[in-house]
Structures are given as structure tokens and as C-alpha cells.
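Here the sequence shown stands for residues 39 to 339, where the numbers follow my numbering.
From the three backbone atoms N, C-alpha and C, an ideal C-beta is built for every residue, glycine too.
The structure appears right after this line, and notes come after that.
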Amino acid sequence: MMYQAIPLKYMFYTFMVLLFLLYGGDKVKIRKILNNNVVIACDRDSQEFIAMGKGIAFGRKTGDCISKSLAEKIFVLSDDDVRNRFHEMLRSIEPESIELAERIISYAVSEYGFELNDIIHITLADHINGLTERLKQNIQLTNQLSAEIRNTYRNEFKTGIYSLSLIEQYTGTMPIEDEAAFIAMHFVNAELKSQTQDTHKTAVFTDDIMKFTEKFLGINFNTDSVLYYQFLSHLKFLAQRIFSDEPFSSSNFLYEFLSPEFPQLSECAEKISDIIKLKYNKVISDEEKAYLIIYFEKFTR
Numbered sequence: 039m040m041y042q043a044i045p046l047k048y049m050f051y052t053f054m055v056l057l058f059l060l061y062g063g064d065k066v067k068i069r070k071i072l073n074n075n076v077v078i079a080c081d082r083d084s085q086e087f088i089a090m091g092k093g094i095a096f097g098r099k100t101g102d103c104i105s106k107s108l109a110e111k112i113f114v115l116s117d118d119d120v121r122n123r124f125h126e127m128l129r130s131i132e133p134e135s136i137e138l139a140e141r142i143i144s145y146a147v148s149e150y151g152f153e154l155n156d157i158i159h160i161t162l163a164d165h166i167n168g169l170t171e172r173l174k175q176n177i178q179l180t181n182q183l184s185a186e187i188r189n190t191y192r193n194e195f196k197t198g199i200y201s202l203s204l205i206e207q208y209t210g211t212m213p214i215e216d217e218a219a220f221i222a223m224h225f226v227n228a229e230l231k232s233q234t235q236d237t238h239k240t241a242v243f244t245d246d247i248m249k250f251t252e253k254f255l256g257i258n259f260n261t262d263s264v265l266y267y268q269f270l271s272h273l274k275f276l277a278q279r280i281f282s283d284e285p286f287s288s289s290n291f292l293y294e295f296l297s298p299e300f301p302q303l304s305e306c307a308e309k310i311s312d313i314i315k316l317k318y319n320k321v322i323s324d325e326e327k328a329y330l331i332i333y334f335e336k337f338t339r
């Protein structure tokens, strides 16, 4: 029996395909190493994503190629604006905060099937970073709406409870349960399915407050900054509470401390309170005005 010789060019093509499948089929390039377990990488189409896996970056450097199969979890940042803000955030927070946030997001998506806006990767990581810093200083914040959030957003609150144990592993300190409510609201605000008919009213509300703040304080918001987005998220949550007639805390300790320290910022908060009362027939608490002052102070530094 005679065998026909295989043309050399076909042997070459076959060899190259095998090489690609064995060594290059799932290769991605590292753009930034956050720590041994988290990297920012991109594929051949320059699609950027966060890749997590135990020891995924060990012994490697920026520019190296790694197998995509090494990643236990991959999160694609498809929104250009979010991706730019994420890179801005990388300059100011600890890599471990990003890893913690990504693990929490992964749990929430796999356990409860949340469909989330990409912005959760920024807002939650920034929150976790601030929380770990506070825990190092033995500072814990209370949340007057903890019970309401627990009853209204049960799966989101369960995600917050899960987060506390992860944070304890990293910091050595267990956050109080109120912190689970803060974390839960990041998921509530990021859920794509939560968009309702109140979206337009919320947009009008936040735009009114933003424009008044700029005019009164004589500032221009940097709409690409993380701080701007944090303030915008805070105003959205405030709008949700106003439109749903949720009660406000009666605590005024923080406001009494901040008001004499920042008289102009306090006046701005009072003016905003008057606008809300006139337009929406809702009285916000001194505690809420204190939070506004804190944001104003950051914007005017």
C-alpha cells in the first residue's frame, strides 16, 4: 500500500495551528499588576479586563503574556468612561481594596444573578478602600437605614453580610453590621434592572443640586473624577429616599460639629435643604446636610 506524501506547506500550516492552540490560543497581555492575584490585561482585540486568580501575576511583569485559563474570574470593563475612571482610581487606592471588591462582586453575581453596571467596580472598590482605612483608625460608621435596607433589599444586604467576613480576613477587624447596608446600596444603585420611571425625576433632581452647588460655591465639577461620581451617586440615593418617602435620621451631632467649622459650606447645604423643601415638600435631616458639607469640603480643597 502506497502513501501519498503530504505537501510541505500543509505540514507547516498544521504545525503553526498546533503551536497557536497549545501556546497562543488564550494568551493575554498584562497591562498592570495590582498584586499577585489581580491584574489588568488585554486580549488581541485590545479588550481590557480585570483578571483574578491565585498567583496569576507571581513572577511576572507588565507586558508579559499569560494564559487566560489562569484566571478564575474575569470582569470586562466595556464602558470607556468607566474604564478611564477605573484607571484614575488605581492611582489613589490600595490594590487589595480592588481585589476585595472584585471578590464581593463575583459572589453577588454568581449567588444572586445580579446584572450590574460597570461602575460598581469603581464605587465598591473606593468604598472598601475608605472602610479599611477607617478600620485601621478604629472608626466605624452607623447606618440609620440599616433595618430598612435589610428588609427591602434582602439579597443585596446578604451580599453585604458576606463582605464583612472577607474584610475581616484582610484587616483583622470585623466591621459592624451597619456596614453591610452601605455595601448593599452600592449594588442597589448599580443594578441595571432597577431603572424605573423615577429615573427622569432623579436626573432632574441631581442636575438641579449640581448646578446650584457649582454656582453657590463658584466651582466647576470635573465630571471625569471619581469624587464627582461619588457625589452624583450620593445625590441619586438621596433622591430615591425623597421620592419613596423614606425617613431621615434625626441625629445632628455631625452637623453641629461641621457647621461652625465651614460656615460657607453649611450655608450651601442649608440652601439646598430649602430647595428640596420648596420643590419636593421634603425636609432633610441635619445629618444629611452634614454629608453634603463633607462633599463640598472635598470639592473646594
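By alpha-carbon distance to asparagine 176, the top candidate from Pro213, Ala277 and Ser107 is Pro213. A direct Cα-to-Cα measurement between isoleucine 205 and lysine 196 gives close to 15 Å. For glutamate 132, the secondary structure class from DSSP, reduced to helix, strand or coil, is coil. For asparagine 73, the pairing in a beta bridge is given by DSSP as Val76. Between glutamate 140 and methionine 90, the C-beta gap is smaller than 8 Å, which places the two residues in contact. Here DSSP, grouped into helix, strand and coil, assigns phenylalanine 113 to strand. Burial of aspartate 324 is indicated by the presence of at least 16 other C-beta atoms within 10 angstroms of its C-beta. Sequence-distant partners of serine 201 (beyond 5 residues in either direction) whose C-beta falls short of 6 Å from its own C-beta, in its chain, are Ile142 and Ile221. Excluding residues up to 5 positions away in sequence, Asp156 lie with their Cβ nearer than 7 Å to the Cβ of serine 116 in the same chain.
If only complete runs of 4 or more residues are kept, the region 263-312 shows the alpha helix (DSSP H) at 264-281 and 291-296, in order along the chain. Nearest to threonine 211 by C-alpha distance, out of Lys239, Met248, Leu169 and Asp246, is Leu169. Collapsing the DSSP output to three states places glutamate 215 in coil. Membership of isoleucine 104 in the beta strand (DSSP E) is indicated by the continuous run 103-105. Contact between phenylalanine 275 and cysteine 306 is ruled out by a C-beta separation of about 19 Å, above the 8 Å threshold.
Arginine 188 counts as buried, since no fewer than 16 other beta carbons sit within 10 angstroms of its beta carbon. A residue is called buried once 16 or more other Cβ atoms fall within 10 Å of its Cβ, and phenylalanine 124 is buried on that count.
Glutamate 153: not part of any alpha helix (DSSP H); DSSP gives it neither H nor E. When the alpha-carbon of glutamine 278 is set against those of Thr240, Glu217 and Val120, the nearest one is in Thr240. The beta carbon of threonine 244 lies closer than 8 Å to those of Leu270, Leu273, Lys274 and Ala277 in the same chain, with the five residues before and after it left out. Taking C-beta atoms under 8 Å as the contact rule, glutamate 126 and valine 264 qualify, at a distance of about 6 Å. Separation of isoleucine 131 and isoleucine 158 (C-alpha to C-alpha, rounded to the nearest whole angstrom) is 15 Å.
DSSP places phenylalanine 250 in the helix class (H, G or I) of the three-state scheme. Under the three-state reduction of DSSP output, phenylalanine 87 falls in the strand class. The beta carbon of isoleucine 310 lies closer than 7 Å to those of Ile247, Phe250 and Leu330 in the same chain, with the five residues before and after it left out. For isoleucine 257, the closest alpha carbon among the candidates Val242, Cys103, Ser297 and Leu303 is that of Leu303. For glutamine 182, there is no enclosing alpha helix (DSSP H), as DSSP marks it with neither H nor E. Secondary structure of valine 321 (DSSP, three-state): coil. The C-alpha of glutamate 299 is placed about 43 Å away from the C-alpha of phenylalanine 113. Put simply, the backbone Cα of leucine 292 is about 14 Å away from that of proline 301. Note on geometry: alpha-carbon atoms of leucine 108 and alanine 218 lie some 31 Å from one another.
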